[in-house]
Structures are given as C-alpha cells and as structure tokens.
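To start, the structure itself, in structure tokens.
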Amino acid sequence: MTTMLEVSDLSVDYGGGRVVNNVSFELGEGEIVAFLGPNGAGKTSALKAISGLVRADSGSVKINGVDISRMPAEKRSRLGIFLVPDDRGLFPPLPVHAHLALASHTRSTAECRALVEEHFAPLAGRWNLAAGSLSGGEAQMLSLAMAMMAKPKVLMIDELSFGLAPIVVRRLLNVIRDIADRTGVAVLMVEQLVDLALAVADRGIILRREIILTGKAADLAADQHRLHEAYFGASAAGRASNSGTTATTPASPATPPPISAAAEPGLPTPSEASE
Ligand SMILES: Nc1ncnc2c1ncn2[C@@H]1O[C@H](COP(=O)(O)OP(=O)(O)O)[C@@H](O)[C@H]1O
Ligand SMILES: [Mg+2]
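At position 12 of the sequence shown (counting the first as 1) the number is 13 in the working numbering, and the numbers step up by one without a gap.
Below is the structure:
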C-alpha cells in the first residue's frame with residue numbers, strides 16, 4: 002500500500018504547553034483512519050498543524066514522500082491535502098452549484114455534476130438550492146463534495162457528525178468509505194460516534210495529547226474496555242487494568258463525552274433505513 006501521509010513527531014503548542022505531543026502515524030492510499038479522543042484531546046489542533054493552518058512546534062509532515070512541513074497551507078492543499086473543517090465552511094445564501102464551482106477552479110460544470118452524481122447522489126437533486134436550506138446531512142455532503150472537487154490525496158474531516166442524527170452519520174460514513182475505495186483518497190476523520198467510525202474505518206487512533214492507543218478498527222471495536230480506558234483514562238473508565246495499553250497521558254476532559262451515542266443495538270443499517 003502506498004503511503005500517502007506520513008506524520009512524524011508532530012507537536013503543537015499555542016504558548017501554554019503542548020496540546021499535541023509527539024504524534025506519529027501514516028495513512029495509506031484508500032485507507033480510512035478514525036482519529037478519536039475526548040474534547041480537548043488535540044484532534045483539531047493536529048489536523049490544523051498537518052494542513053498548515055497552525056504552526057507545528059516540532060515534527061514533520063510528508064505527503065507522497067514530499068516534506069511539506071515548511072510550506073504554507075495553500076501550497077499544502079495544492080499538493081493534495083484537504084481539511085473539511087468542523088464548521089462545514091458553507092455560505093448559506095449561495096446555491097449548491099456555486100459552492101462546487103468555487104471549490105473547483107479547474108472543472109467544468111458538467112464535470113462537477115458528474116462527480117456529484119457518482120458519489121453524492123442526494124445532492125444532485127439540490128443543485129439550485131441555497132446551502133442554507135439543505136438538511137444537516139446534505140450540508141455535510143456538500144462539504145465533502147467540495148473537498149473532492151480538489152482531487153485530494155489526503156482528506157481530513159473534522160467532526161463530521163456534529164449536530165447530525167446517528168442514522169445520517171452512518172450514511173455519510175458509508176459515502177466516505179465508498180469514496181476512499183473508489184478514488185484511493187486517504188482519509189483521516191475525527192468522529193465522536195466512535196462505534197460508527199470504527200465500523201467503516203480501517204484503523205483507529207485514540208489521542209489524548211499523545212497517541213494512547215492505535216490498532217485495526219475491528220480490534221479496537223472488539224475490546225470496548227480497553228477502548229474506554231484509552232479514551233477516558235484508566236480512572237475515568239472505572240477500573241485500572243493491565244491490558245497492555247500505554248495510558249500514560251491524563252489530558253482528561255472536564256466532562257467526558259459519551260463514547261458513542263450510537264451504541265444502541267438494533268439501529269438499522271443504512272440499507273435498511275427507509276428514512
Ligand atoms: N487557537 C488556540 N489557542 C490556544 N489554545 C487552543 C487553541 N485551539 C485549541 N486550543 C487548546 O488546545 C487544546 C486542544 O484543543 P483541540 O485541538 O481543539 O482539541 P479537540 O479537537 O480534540 O477537541 C484545548 O485545550 C484547547 O483549549
Ligand atoms: Mg476539535
């Protein structure tokens with residue numbers, strides 16, 4: 002598998018101490034990595050440092066083997082790294098097609114339309130609508146479509162699920178899986194609905210300032226106790242255990258969020274969902 006993104010010893014310090022400390026990982030072509038952790042864990046800071054929007058305190062970032070650590074954000078994005086921000090980055094009065102046109106300087110309207118129909122079919126019927134009148138799921142789909150217009154090699158997505166119902170999130174995650182499989186884009190996604198994220202991701206990383214735990218998504222999902230402990234810290238998880246994790250960084254949040262609002266058994270799969 003071709004390595005698309007290589008992050009080595011990345012640290013971020015806004016002036017009050019490191020909020021991201023020595024984070025290293027790789028992303029392969031077509032791979033989806035769930036980037037997980039409680040509020041304040043440093044996820045957004047790490048994504049911004051990778052895309053050049055905040056300055057890294059130390060470390061290096063390579064895309065396709067090219068060191069981009071010293072490049073400004075625009076140059077990094079031209080080399081294929083794209084961040085979908087947690088605020089979705091949409092302008093409410095502007096119609097869907099205008100967002101897509103803005104996002105792709107080089108593609109014709111017909112090309113935009115074809116890309117939307119291929120990967121984001123529900124948006125095709127919303128072509129002339131103002132972004133502000135889209136549902137939350139459609140708006141998030143528009144952000145993803147805009148990102149894909151730039152033909153990214155690495156797509157980073159921050160908090161896809163914010164404000165969305167788990168069923169909608171599940172559908173969007175399936176769209177992302179499909180995009181990764183069909184285009185080879187490497188995806189790093191921050192997601193609060195941990196179980197849903199691990200169900201589509203290839204691997205997971207649990208961050209609390211440092212990488213606390215990493216592994217295959219299926220293995221992480223299969224060991225919920227270890228996952229909770231990594232996510233919340235051993236004390237917050239209730240019991241100490243010797244499961245072999247390196248839970249050494251107590252960057253614990255004031256109020257741990259629920260690890261998954263989607264742990265409800267019996268939630269329909271997207272194909273079963275009629276809504
Ligand atoms: N621009 C900033 N200036 C100073 N501190 C910041 C800034 N952005 C985030 N932080 C702090 O960095 C830490 C990590 O935040 P963040 O990266 O947003 O975490 P997450 O995305 O995992 O919730 C938090 O303590 C947050 O308050
Ligand atoms: Mg964040």
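Backbone N, C-alpha and C fix where the C-beta goes; we use that ideal spot for every residue, glycine too.
At the C-beta level, Leu208 and Ala99 stay beyond 8 angstroms of one another. No Cβ-Cβ contact shorter than 8 angstroms links Met150 with Leu189. Taking a C-beta distance under 8 angstroms as the contact criterion, Asp203 and Ala222 do not qualify as a contact pair. The DSSP-derived three-state label of Phe26 is strand.
Per DSSP, the unbroken alpha helix (DSSP H) holding Leu124 starts and ends at Ala122 to Ala125.
In the three-state reduction of the DSSP assignment, Ile206 falls in the strand class.
Annotated three-state conformation of Val117 is helix, per DSSP. By a beta-carbon distance limit of 8 angstroms, Val62 contacts Val8. Their separation comes to about 5 angstroms. Closest option to Arg71, judged by alpha-carbon separation, among Leu84, Asp88, Ile213 and Ser52: Ser52. Residue pairing for Asp14: DSSP places it in a beta bridge opposite Arg19. With fewer than 16 other Cβ atoms from the protein chains shown falling within 10 Å of its own Cβ, Met2 counts as exposed. Around the CB of Glu112, fewer than 16 other CB atoms lie within 10 Å, so the residue is classed as exposed. Counting C-beta pairs closer than 8 angstroms gives three or more between the region 120–135 and the region 88–104, which meets the contact rule.
In this structure, Leu28 sits near Met5, with a CB-CB distance shorter than 8 angstroms. Counting only residues whose CB is nearer than 6 angstroms to a non-hydrogen atom of ligand 1, the list in chain order is Tyr15, Val20, Gly38, Asn40, Gly41, Ala42, Gly43, Lys44, Thr45 and Ser46. The three-state reading of DSSP puts Ser144 in helix, counting H, G and I together. With a cutoff of 7 angstroms, Glu211 does not count as near ligand 2, since its C-beta is closer than that to no heavy atom of the ligand. With respect to the 8 angstroms criterion, Lys44 and Val191 are classified as neighbours on the basis of their beta carbons. Taking 8 angstroms as the cut-off, the Cβ atoms of Ala181 and Ile64 do not count as close. In terms of CA proximity to Pro73, Ala57 leads the group Asn23, Ala57, Ile168 and Pro167.
Cβ-Cβ distances below 6 angstroms link Val85 to Ser144, Ala148 and Ile158 in the same chain, with the five nearest sequence neighbours on each side left out; the list follows chain order. Of the residues Asn175, Ala198, Lys217 and Pro153, the one whose Cα lies closest to the Cα of Glu30 is Pro153. For Ala200, the closest of Ile213, Arg172, Arg114 and Arg77 by C-alpha to C-alpha distance is Arg172.
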